[in-house]
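Protein chains in written order, with our numbering: chain A, 12 to 166; chain B, 135 to 640; chain C, 743 to 1065. The beta carbon of each residue, even a glycine, is placed where N, CA and C say it ideally should be.
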């Protein structure tokens, strides 16, 4: 029997904040117009409902914690490091792909994925990364004619 | 009718000509391949091949583009079942049950039943298109903004009452999805709303990157918690469809086909609500609704047939009115126009040869697709034998190309990362994912439909009661909303209060 | 960051080609990118691809059409305004949409007219007013009279709020001093369906999507918003022909980022002129129900400025009508 469920408490608070932001945005829009609901009508109502629901979740998390699923936290902190690496790598691609070009970014991305996350040997990872990058580029750009960014260096 | 039949026969004569057959085959193959890649759906495939087909003979071009169109509808099932990474929204429902089946070592069965369901959904509706296209047109036209609004309200009620392991968490996801759907340019003033000054949000949160993120990337992140053990159990996969599977799937396929076709012919609805409605129907009719989410074969068979039936249904307003029924069909229409064919109400008369060849080739194409796919299923399933540490970068690579090439947008790549994280957290906290997909699609339709209806009536709400279809849908919505509240509220509360371990419902 | 990498690339380029003088346009090794700010398959996309196909042999450079759809052209236009003005990145702009994005301040577009270099006007078109075949309205004046008798009851369908279908309607309201009940759809397809079903009384729609229905005898056009009549419906009078002083043409123009060299603009403009004059090119446009209307850079610039002024006023009117 636990007394509070920290994860869901945090979730409920985050959701309350989301509801707050949406509600605050909604009041700056018109709630109702001559022809019916205005731009702020649905956001305001949804924000209110979300706030109520998050309060419900907060109540559940604090007073009825045993009705909520126990989150199976991974004991291995490396697991979170892996997840973080993927997310950072995806964001890096999102930010740099047009400046650096598809091929350099993808080769780097694949290398990191294989070497760091797949724990393959560096040489194998590098070879796989280059092969995959070439294959992707050939398949999408060469065969399917998908425009892929070539970046400042034209790669 | 007999005249139609002879026209159809001559259409078959055209479709079975060697060159058209080759193009249909190529289209099916390409469509399956592209459909498999997350993010690269039929829109992308047709758009990519537009320039190539422009140089081809019009009949061959259209046969091939149509083959790509329905090839994709099948291809996205493969990744949905194997990796829980649906390439399009239509396969998101298939992913829910299909991937659970794969985890139980029944990936082969799931794919086979999906192929058969797609085939039935596809061919039966092609027949319907050929025989009763013109009378059905008036049905499509009866669907004005008020009817549209009422149907969306009904769908939203179904999302809310769909039920999950927790009513509270299901509702939170639904409302969160609706709030996401409010982002963009509002339909009342045409001003930015909840965009926080970000121009990439002016059209709303892009749908495909959200699904790729929530499902595809989220799933990979979850698997990376322990990358060594993923999929191992799935490898012992059998292709067998047992008698029990067949008995349970057959009615689901029949219902899915009819439902999907009816939803498909309504311009603007598309395949995603069709698949969803079929899923909800199966769950409601099932004797064991609580087992949905654990790999129920009805949940694969129904939505898959509905998906394909709706895809064909969406062609009806194009062929009879020149109105594309969905975004994908709109691109198909662009392709027709580049080939000098202007779709319109006279297409059946002026381009009769072409239309009947197209219809016949869709039939032929569905056969090709079945023949092409059934033997390949063991091959697709054997992909799961590849160690995950080699597999996941390849899948991630495809999601990156898919998300980027949708609109050549870096912003969409950022979206898949953000929604990947959200998807991961939702999986961990046992929030259902499907309501977000549905509400993100339905939310803007609901608000737009309401606004248009009220613009038509100049603010008079009685417009929703004066039109019979509208009033009928709204009544149904109220009934569905009240039913669980009246009878099942105590039972449901009791169920919600029993602890559920994560992973049991994914 | 972008500039940093650009600088790096420039440095690399300078280092490797140091002795060479600035390359003349067009650089045969570098493709010319045409940004299409709409999805593939639409009119803009198709007309851009057709133009690219003919310009390729004309200039001896390969062309690449890149779709950057979204936010009513704002995403593609932003990308263009930030591109290198070397003539190798161009865009096919839909003037009404482009102007709307930066005139409407709420959209916070990071550009205005001075962020672009006009190169050549390519295609002109206009919307028309369509009614059901058995509608009582035989002319635009019938429609205006009906709206005068019963304000805000004539349901006028458009392809979208603030779109180039909505604003001509606003112009008509303004000149005639009447009020319609606007119903805004999401593109031409649902609008056509609504008119066929009688959910709207009149639709402001493009010629391309209306003509098939006129041929089928389901719809009738009662007025054309162009400055001249269209070759595709020669019997359809313009609004000016009906003594209503409204013209709301839409146009596609080839534009580039600000700061392009005059010679580069000249080379491009002349090439487009040559291409448009070709009969086989004209055949392709006719098949797409499009009419070319070539203007050189300076003429386009003046046209654009005048258009912007009109459009700004209409947007203001449309906004104030909503209050």
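*Anything in the stretch 468–502 of chain B with a Cβ closer than 7 angstroms to a Cβ of chain C? List those residues in chain order, please.*
Against chain C - using a Cβ distance shorter than 7 angstroms - the residues of the stretch 468–502 of chain B are 468, 469, 471, 472, 474, 476, 478, 479 and 480.
_Would you say residue 68 of chain A lies against chain B (beta-carbon separation less than 8 angstroms)?_
In the first chain, counting from the first residue as 1, residue 68 of chain A sits at position 57. The beta-carbon of residue 68 of chain A is placed less than 8 angstroms from the nearest beta-carbon of chain B.
*Burial state of residue 763 of chain C, where buried means 16 or more other Cβ atoms lie within 10 Å*: Translated into the one-based positions of the third chain, residue 763 of chain C becomes position 21. Because residue 763 of chain C sits at a pLDDT of 43, beneath the cut-off of 50, its placement in the model cannot be relied upon, and the following sentence gives the value as read from the coordinates. Counting Cβ neighbours within 10 Å, residue 763 of chain C comes out exposed, since fewer than 16 surround it.
*Kindly list, in the order they appear in chain B, the residues whose Cβ is closer than 7 angstroms to that of residue 739 of chain C.*
The first residue shown for chain C is 743 and the last is 1065, placing residue 739 of chain C beyond what the model contains.
*Is it right to say residue 12 of chain A is buried, meaning 16 or more other beta carbons lie within 10 angstroms of its own, or is it exposed?*
Taking the first residue of the first chain as position 1, residue 12 of chain A is located at position 1. Any answer about residue 12 of chain A is weak, because its pLDDT of 48 lies below 50 and its placement is not dependable; what the coordinates show is given next. So residue 12 of chain A ends up on the exposed side.
_DSSP beta-bridge partners of residue 996 of chain C_ = Your numbering for residue 996 of chain C matches position 254 in the third chain. Per DSSP, C:834 and C:862.
_Distance between residue 147 of chain A and residue 115 of chain A (C-alpha atoms, nearest Å)_ = Position 104 of the first chain, counted from the start, is the residue given in the question as residue 115 of chain A. Position 136 of the first chain, counted from the start, is the residue given in the question as residue 147 of chain A. Cα-Cα distance, rounded: 12 angstroms.
*Can you tell me which of the three DSSP states residue 869 of chain C falls into?*
Sequence index remark: in the third chain, residue 869 of chain C carries index 127 (1-based). Three-state DSSP puts residue 869 of chain C in a strand.
*Touching or not, the stretch 540–559 of chain B and the stretch 273–293 of chain B, by the rule of three or more beta carbon pairs under 8 angstroms?*
Below 8 angstroms, too few C-beta pairs join the stretch 540–559 of chain B and the stretch 273–293 of chain B to call them touching: fewer than three.
*In angstroms, rounded to a whole number, what distance separates the CA positions of residue 831 of chain C and residue 187 of chain B?*
Taking the first residue of the third chain as 1, we reach residue 831 of chain C at position 89. Taking the first residue of the second chain as 1, we reach residue 187 of chain B at position 53. A straight line joining the alpha-carbon of residue 831 of chain C with that of residue 187 of chain B spans about 26 angstroms.
*Are residue 394 of chain B and residue 380 of chain B touching if we call contact CB-CB under 8 angstroms?*
As a position in the second chain, residue 394 of chain B is number 260, starting the count at 1. As a position in the second chain, residue 380 of chain B is number 246, starting the count at 1. Cβ distance not < 8 angstroms, so residue 394 of chain B and residue 380 of chain B don't count as in contact.
*Work out the CA separation of residue 145 of chain A and residue 1040 of chain C for me, nearest whole Å.*
Locating residue 1040 of chain C in the third chain gives position 298, where the first residue counts as 1. Locating residue 145 of chain A in the first chain gives position 134, where the first residue counts as 1. Rounded to the nearest angstrom, the gap between the Cα atoms of residue 1040 of chain C and residue 145 of chain A is 46 angstroms.
*For residue 595 of chain B, count neighbouring C-beta atoms within 10 Å of its own C-beta (all shown protein chains included) and say buried if the count is 16 or more, exposed if not.*
Along the second chain, one-based indexing puts residue 595 of chain B at 461. The residue in question, residue 595 of chain B, is exposed, as its Cβ has fewer than 16 Cβ neighbours within 10 Å.
*Going by the beta-carbon positions, is the gap between residue 287 of chain B and residue 446 of chain B smaller than 8 angstroms?*
By 1-based counting over the second chain, the position of residue 287 of chain B is 153. By 1-based counting over the second chain, the position of residue 446 of chain B is 312. For the 8 angstroms CB-CB criterion, residue 287 of chain B and residue 446 of chain B do not form a contact.
_Pair within 8 angstroms by beta-carbon distance, residue 590 of chain B and residue 901 of chain C_ = Position 456 of the second chain, counting from 1, holds the residue named residue 590 of chain B. Position 159 of the third chain, counting from 1, holds the residue named residue 901 of chain C. No. Outside cutoff.
*Give the range of the alpha helix (DSSP H) segment to which residue 849 of chain C is assigned.*
On the third chain, residue 849 of chain C is found 107 positions in, with the first residue counted as 1. Counted as a single uninterrupted DSSP element, the stretch harbouring residue 849 of chain C is not any alpha helix (DSSP H), since DSSP gives it neither H nor E.
*asked:* Counting only C-beta atoms, is residue 572 of chain B closer than 8 angstroms to chain A at any point?
replied: In the second chain, counting from the first residue as 1, residue 572 of chain B sits at position 438. Interface with chain A (8 angstroms Cβ-Cβ cutoff): residue 572 of chain B is excluded.
_For residue 231 of chain B, list the residues DSSP reports as bridge partners._
One-based indexing of the second chain puts residue 231 of chain B at position 97. Residue 231 of chain B is not bridged to any residue.
*For residue 859 of chain C and chain B, any beta-carbon pair shorter than 8 angstroms?*
Here residue 859 of chain C refers to the residue found at position 117 when the third chain is read from its first residue. Using a CB distance cut-off of 8 angstroms, residue 859 of chain C does not count as an interface residue toward chain B.
*Report yes or no: is there a C-beta of chain B within less than 8 angstroms of the C-beta of residue 142 of chain A?*
In the first chain, counting from the first residue as 1, residue 142 of chain A sits at position 131. No, residue 142 of chain A does not count as interfacial toward chain B.
*asked:* Helix, strand or coil, according to DSSP, for residue 566 of chain B in the structure here?
replied: Counting from 1 along the second chain, the entry for residue 566 of chain B is found at position 432. Note: residue 566 of chain B maps to coil in three-state DSSP.
*Cα separation between residue 846 of chain C and residue 828 of chain C?*
Along the third chain, read from residue 1 onward, the residue named residue 846 of chain C stands at position 104. Along the third chain, read from residue 1 onward, the residue named residue 828 of chain C stands at position 86. Those two C-alpha atoms are separated by around 29 angstroms.
*According to DSSP, is residue 583 of chain B helix, strand or coil?*
Here residue 583 of chain B corresponds to residue number 449 of the second chain, with the count starting at 1. When DSSP states are grouped into helix, strand and coil, residue 583 of chain B belongs to the helix group.
_Status (buried if at least 16 other CB within 10 Å, exposed otherwise) for residue 915 of chain C_ = Taking the third chain and counting its residues from 1, one reaches residue 915 of chain C at position 173. Residue 915 of chain C comes out buried.
*Looking at the structure shown, is residue 826 of chain C part of a helix, part of a strand, or coil, going by DSSP?*
Numbered from 1 along the third chain, position 84 holds the residue referred to as residue 826 of chain C. In the structure shown, residue 826 of chain C sits in coil (DSSP, three-state: anything other than H, G, I, E or B).
*Can the beta-carbon of residue 231 of chain B be found less than 8 angstroms from the beta-carbon of residue 414 of chain B?*
Indexing the second chain from 1 puts residue 231 of chain B at position 97. Indexing the second chain from 1 puts residue 414 of chain B at position 280. Not a contact, by the Cβ cut-off of 8 angstroms.
*Cross-chain neighbours of residue 465 of chain B in chain C, by beta carbon under 8 angstroms*: Residue numbering aside, residue 465 of chain B sits at position 331 when the second chain is read from its first letter. Per Cβ cutoff of 8 angstroms: 781, 782 and 783.
*asked:* Using a Cβ-Cβ cutoff of 9 angstroms, what residues of the stretch 558–583 of chain B are near chain A? List them in chain order.
replied: In summary, the residues of the stretch 558–583 of chain B whose CB is separated from some CB of chain A by less than 9 angstroms are 558, 559, 562, 563, 564, 565, 577, 580 and 581, in the order they occur in the chain.
*Bridge-paired residues (DSSP) for residue 965 of chain C*: As a working mapping, residue 965 of chain C is identified with position 223 in the third chain. According to DSSP, residue 965 of chain C bridges with C:871.
*Out of curiosity, what's the CA-to-CA distance linking residue 282 of chain B and residue 580 of chain B?*
As a first step, residue 282 of chain B is located in the second chain; it is residue number 148 there, counting from the start. As a first step, residue 580 of chain B is located in the second chain; it is residue number 446 there, counting from the start. Computed Cα separation, rounded: 8 angstroms.
*Spell out whether any CB of chain C is found under 8 angstroms from the CB atom of residue 634 of chain B.*
Taking the first residue of the second chain as position 1, residue 634 of chain B is located at position 500. Reliability fails at residue 634 of chain B, whose pLDDT of 45 lies under 50, so the model's placement of it is uncertain and the value that follows must be treated cautiously. No, residue 634 of chain B does not count as interfacial toward chain C.
*For residue 991 of chain C, the residue or residues it bridges with in DSSP*: On the third chain, position 249 is the one that residue 991 of chain C refers to. Its beta-bridge partners are C:868.
_Neighbouring residues, chain C, relative to residue 279 of chain B (Cβ below 9 angstroms)_ = Looking up residue 279 of chain B in the second chain gives position 145. Against chain C, the beta carbon of residue 279 of chain B has neighbours under 9 angstroms at 925, 927, 932, 936 and 941, listed in chain order.
*Let me know if residue 204 of chain B comes out buried or exposed under the rule of 16 or more other beta-carbons within 10 Å of its beta-carbon.*
Indexing the second chain from 1 puts residue 204 of chain B at position 70. Around the beta carbon of residue 204 of chain B, a 10 Å sphere encloses 16 or more other beta carbons of the protein chains shown; the residue is thus reported as buried.
*asked:* Quick check: what's the CA-CA separation for residue 133 of chain A versus residue 422 of chain B?
replied: Your numbering for residue 133 of chain A matches position 122 in the first chain. Your numbering for residue 422 of chain B matches position 288 in the second chain. Distance from the CA of residue 133 of chain A to the CA of residue 422 of chain B, rounded to the nearest whole angstrom, comes to 51 angstroms.
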